[in-house]
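Read in order, the letters of the sequence shown are residues 485 to 764 in our numbering. Don't be surprised by glycine CBs; every beta carbon is placed ideally from N, CA and C.
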Amino acid sequence: MADDIIYPETRDHIVYLYFDIYGIPFYVGEGIPSRPYRHRRLYSHLGNALRKYKALMPLVVLNDGLTDAEAKVIECALIRAIGRRDLGTGPLINRTDGGEGTPGSRRTEEFRKKCSDRMTSPDMREKLQAGLAAMSVEAIEERSQKQRQAKLGKPLAREHAAKIGAAHLGRKRPPEVGAKITAAKLGKKWSEDRKAILRAANRSRDPDVRERIRQGTVAYYEAKGIQMPDPALVTSLYKSGKSINAISHEIGSKPGRVYKVLRASDVQMRPRRVAVESTA
Numbered sequence: 485m486a487d488d489i490i491y492p493e494t495r496d497h498i499v500y501l502y503f504d505i506y507g508i509p510f511y512v513g514e515g516i517p518s519r520p521y522r523h524r525r526l527y528s529h530l531g532n533a534l535r536k537y538k539a540l541m542p543l544v545v546l547n548d549g550l551t552d553a554e555a556k557v558i559e560c561a562l563i564r565a566i567g568r569r570d571l572g573t574g575p576l577i578n579r580t581d582g583g584e585g586t587p588g589s590r591r592t593e594e595f596r597k598k599c600s601d602r603m604t605s606p607d608m609r610e611k612l613q614a615g616l617a618a619m620s621v622e623a624i625e626e627r628s629q630k631q632r633q634a635k636l637g638k639p640l641a642r643e644h645a646a647k648i649g650a651a652h653l654g655r656k657r658p659p660e661v662g663a664k665i666t667a668a669k670l671g672k673k674w675s676e677d678r679k680a681i682l683r684a685a686n687r688s689r690d691p692d693v694r695e696r697i698r699q700g701t702v703a704y705y706e707a708k709g710i711q712m713p714d715p716a717l718v719t720s721l722y723k724s725g726k727s728i729n730a731i732s733h734e735i736g737s738k739p740g741r742v743y744k745v746l747r748a749s750d751v752q753m754r755p756r757r758v759a760v761e762s763t764a
């Protein structure tokens, strides 16, 4: 019932501007009237300056009687007009473009490293594991489903995909993890519909995708120190009608490597032959 109540939009927001001790614009903000004075309690650049210089930094309320949306629009316009110090466009110490969230914020490599170290620390891992242990299986599955839906249809940039590939290159899976994956897949067979979808997807790959697969395959085997078969020779032998096993025997390579080379090429894969027992 409470969710159906529509509260009237109040006009209790202001837009304010702090000047430094030399009279130069220092910080632009918006919020309720008590917001400018809360900075003194924060351990930020502005808070440190306010505690140090106190009344020597003038505060000017530029607009009042605004709605939240109006205040955010004016704040963004002022930051854009005056300019930010971190971007080299002005004197303001604002780290964002204003408005909702943190648009336009820039994180230094030192800050990123601190966040990464904090999130990958043993204490944080224990907290996350404890939190997951307290969640039900249904809640975990619901959260995973929401994360999958949020990423669905959003292709990764090539640079992002390359970073992920480089991070996983050479990483060995622990034996217990491999055993769990094997046990989960054991006895499961793909349906004919899924097989048909995979076959159609393989046939419809454009040259750009096939080239990326080929480069990734070559890079993987080079990192492992394994010599890959010549793609031109393999595709030529395959087009002549020879099977994968026959090609691998002729060139002295494993069938799996021959198969990977063919998959990365533009050759049309033949359906696998099924042995039929003779009734004679």
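Runs of the alpha helix (DSSP H) lying entirely within the stretch 694 to 742 and spanning at least 4 residues, in chain order: 715 to 723 and 728 to 735. When DSSP states are grouped into helix, strand and coil, residue 670 belongs to the coil group. In the structure shown, the three-state DSSP call for residue 639 is coil.
Take the alpha-carbon of residue 670 and the one of residue 718: they are about 32 Å apart.
Residue 547 places its beta carbon less than 8 Å from that of residue 498. Here the C-alpha atom of residue 684 lies approximately 29 Å from the C-alpha atom of residue 653. DSSP places residue 547 in the strand class (E or B) of the three-state scheme.
Secondary-structure assignment with DSSP links residue 509 through a beta bridge to 503. In the three-state reduction of the DSSP assignment, residue 522 falls in the helix class, which pools H, G and I. With a threshold of 16 other beta carbon atoms within 10 Å, residue 599 falls short and is exposed. DSSP places residue 653 in the coil class of the three-state scheme, outside both helix and strand. Using a Cβ distance threshold of 8 Å, residue 564 and residue 581 count as a contacting pair.
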